[in-house]
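Here the UniProt record's numbering is used: the first residue of the sequence shown is 15, the next is one more, and so on. Each remark here refers to the structure printed beneath this line.
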Amino acid sequence: LFGALDRQAPDALLGLIAQYRADPRADKIDLGVGVYRDEAGATPVMRAVKAAETVLLAEQGSKSYLGPEGDTGFVDLLAAIVFGPLAGSDRIAGVQTPGGTGALRLGADLIARARPSATVWIGDPTWPNHAPIFREAGLTLASHRFLDGAGAVDFDTMLADLAAAQAGDVLLLHGCCHNPTGVDFSADQWAAIANLCAARGLIPFIDLAYQGLGDGLEADAAATHQMLAAVPDALVAYSCDKNFGLYRERVGALWVQGANAALTTLAFSNIVALARGIWSMPPDHGAAIVRTILERPAMRAEWMGELDQMRTRINALRAALAAAHPQLAAIAGQRGMFAMLPVSTADAAVMRADHGIYMAGNGRINIAGLRLDTIPAFVAGLSPHLPS
Ligand code: LMR
């Protein structure tokens, strides 16, 4: 049976985790996989999460099944944070998923079932797992540009590429904190994208994996609200990995917006059925933690305070990095965990070998992996590789 398979290369980004761990150098710098790090370089369990786990340990009375939709209290409480004034609309319905990846894959499977001929348009560059997720669901992919040579948004080129999109095609969008570039659209550009989707019948699929880590919980959801208000149909994949620090617990959600309540109910019945056929039910613990936090005002306030601290630290690092080298100046205005540097895969390998600086092969760095006191060493190792 298995002899017919092609050997697959290990995931390059996740491979950095093991490489970094095996590096004995004390001054190594991990800017690889996207996890938040504090000033001590740790990715601690958030205090609000620990408090919620204590409550669950004391009060959770059963581990019995919940169902394919997962923890509906979690989904509803999170929806209020994600959709603000739109939450509670009978045109929006969602389920808990195993992480943002599970949400993206479930949404991809729904699209493949509803409209197998749809092409999914994905900006270049994007998170390396986006294309495989949609391709494995059997969908056709197309790529559009959105950056100029200097790494700033080139909106005209994006619109020119999207001129080839057909009504009913899907447009994948990063709701905030673009991964890997940190380059987000302006409010005017979001308005233009919303108009484009409405006028051309394109279906936005918003990947919202970093809410609260850009400009704040509300500000980071503004583009999502704008898009959903403009179009009849949309999908939103959500991850609690970063903003609740729940990475390995795999906590996410998928929401669909339909043109009316009946079509939303139809879509919801299909995502529940699809989820049953893939993972049957999502893992409970992480979603129960999020629900427990959001149900309790004191825990919710603690979580929001911790999230504020994370965002403030990342944006302070952005400012310091931008000030450290003229070619890094744009990083101050970008948002989220990542920035993409004009560094080749070969240069990234040299920086890894010579200086113990670990970054993705596409030049992406996890800003949170820096500290104010490691920025000089990082910039010194990076400078020879920057184009003059
Ligand atoms: C990342 O982009 O580094 C994270 O989202 C982790 C992952 O799964 O790739």
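For each residue, glycine too, the CB sits at the ideal point set by N, CA and C.
In chain order, what residues of the same chain have a beta carbon less than 7 Å from the beta carbon of residue i, not counting five sequence neighbours either side?
i: A267; result: V89, L92, G108, V109, Q110, T111, A117 and Y252
i: M295; result: Y79, L80, G81, P82 and G84
i: D44; result: Y34, Y372 and G383
i: A333; result: A346
Please go through the same chain and pick out, in chain order, the residues whose beta-carbon is closer than 8 Å to the beta-carbon of residue i, but skip the five residues on each side of it.
i: K256; result: G48, V49, Y50, A223, Y224, L227 and M351
i: L70; result: H299, A302, I303 and T306
i: A338; result: I389, P390 and V393
i: L321; result: G226, L227, L231 and N257
i: Y261; result: V49, T57 and D255
Distance check for residue j and residue i, CA to CA, integer angstroms please.
i: A312; j: H158; result: 44 Å
i: G189; j: V265; result: 18 Å
i: L219; j: F16; result: For clarity, residue 219 is Phe in the given sequence; the question names Leu instead. Approximately 35 Å, taken between the alpha carbons.
i: L19; j: E150; result: 15 Å
i: G102; j: A275; result: 11 Å
i: C254; j: D162; result: 31 Å
i: V270; j: S283; result: 11 Å
i: T171; j: S76; result: 54 Å
i: Q323; j: A346; result: 17 Å
i: A237; j: A201; result: 7 Å
i: D104; j: N376; result: 42 Å
i: L277; j: L249; result: 13 Å
i: L308; j: A315; result: 9 Å
i: L400; j: D183; result: 38 Å
i: A36; j: I292; result: 35 Å
i: F148; j: A156; result: 11 Å
i: A126; j: H144; result: 15 Å
i: I106; j: V286; result: 14 Å
i: P194; j: E73; result: 40 Å
i: V96; j: T154; result: 29 Å
Which two residues bound the contiguous beta strand (DSSP E) that contains residue i?
i: Y34; result: From DSSP, Y34 is part of no beta strand (DSSP E) but of the alpha helix (DSSP H) over A26 to A36.
i: M354; result: F352 to M354
i: D168; result: First-last for D168: undefined, no H or E at that position.
i: P218; result: I217 to L222
i: V184; result: V184 to H188
i: A178; result: Per DSSP, A178 belongs to no beta strand (DSSP E) and is neither H nor E.
i: T154; result: T154 to R159
Whole-angstrom Cβ separation of residue i and residue j, contact assumed at under 8 Å?
i: G152; j: P130; result: 7 Å
i: G165; j: A394; result: Their Cβ separation, rounded to whole angstroms, is 22 Å, which puts G165 and A394 out of contact at 8 Å.
i: F199; j: V245; result: That belief does not hold up - the Cβ atoms of F199 and V245 are roughly 16 Å apart, past 8 Å.
i: I328; j: A353; result: About 10 Å; that fails the 8 Å criterion.
i: residue 406; j: L242; result: Residue 406 falls outside the range modelled here, since the chain spans only 15 to 402, and no answer is possible.
i: P142; j: L331; result: Actually they do not touch by this definition, with Cβ atoms about 23 Å apart.
i: G196; j: R349; result: 6 Å
i: G55; j: R385; result: 7 Å
i: L185; j: W135; result: 5 Å
i: A273; j: D247; result: 6 Å
Got a sec: is the Cβ-Cβ distance from residue i to anything in chain D below 8 Å?
i: T154; result: The structure shown has no chain D; it contains just one protein chain.
In chain order, what residues of the same chain lie with their CB nearer than 6 Å to the CB of residue i, ignoring the 5 residues before and after it?
i: Q240; result: W204 and A208
i: A206; result: none
i: residue 403; result: As displayed, the chain neither begins before 15 nor continues past 402, which places residue 403 out of reach and without an answer.
i: R325; result: L227
Kindly indicate the opening and closing residues of the alpha helix (DSSP H) around residue i.
i: L19; result: Unbroken run through L19: none, as it is neither H nor E.
i: A206; result: A201 to R214
i: H192; result: Run containing H192: none; DSSP gives neither H nor E here.
i: A145; result: H144 to E150
- Pick out the complete alpha helix (DSSP H) segments inside the region 227-310, 4 residues or longer, and give them in chain order. 231-244, 275-292 and 299-309
- Go through the residues and name those whose CB comes closer than 6 Å to any heavy atom of the ligand GTP, in chain order. No copy of the ligand GTP appears in this structure; the ligands present are the ligand LMR.
- If you scan the region 30-85 from start to end, which runs of the beta strand (DSSP E) of 3 or more residues do you find wholly inside it? 43-45
- Task: Give, in chain order, every unbroken run of the beta strand (DSSP E) that is at least 3 residues long and sits entirely within the region 79-135.
- Result: 106-111
- alpha helix (DSSP H) runs wholly inside the region 322-400, at least 4 long, in chain order: 359-369 and 389-396
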